[in-house]
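Quick note: my numbering has the sequence shown finishing at residue 177, numbered continuously throughout. The C-beta atom is built at its ideal place from N, Cα and C for all residues, glycine as well. To start, the structure under review is shown below, and the notes come after it.
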Amino acid sequence: IATGADQLSSDELAGALVAIAETNDTAKREAWAKRGVMFFESRPRRAAPATQRNLRGAPAQPGGTQSPAGGTSST
Numbered sequence: 103i104a105t106g107a108d109q110l111s112s113d114e115l116a117g118a119l120v121a122i123a124e125t126n127d128t129a130k131r132e133a134w135a136k137r138g139v140m141f142f143e144s145r146p147r148r149a150a151p152a153t154q155r156n157l158r159g160a161p162a163q164p165g166g167t168q169s170p171a172g173g174t175s176s177t
């Protein structure tokens, strides 16, 4: 909502994310990153409304923990 993205369809959002992921232009990616930083730094931090919080405290992903980068262990 804060970004205005709630006005876009899921198809538009998915298409935009695919285009971003496919972009190899370093200058564009850096500009997007700077814009994201400015967005988050300019907004006051507020707790999510109760309807958006995970009130049960259940893990965000099945299993409760994420595997380390690489996904395998050498032991």
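- D127 carries a coil assignment under DSSP once its states are collapsed to helix, strand and coil.
- Straight across, the Cα-Cα distance linking L115 with D108 is about 9 Å.
- Excluding its 5 nearest sequence neighbours in each direction, V139 has no C-beta neighbour in its own chain below 7 Å.
- In this structure, A104 sits near R145, with a CB-CB distance shorter than 8 Å.
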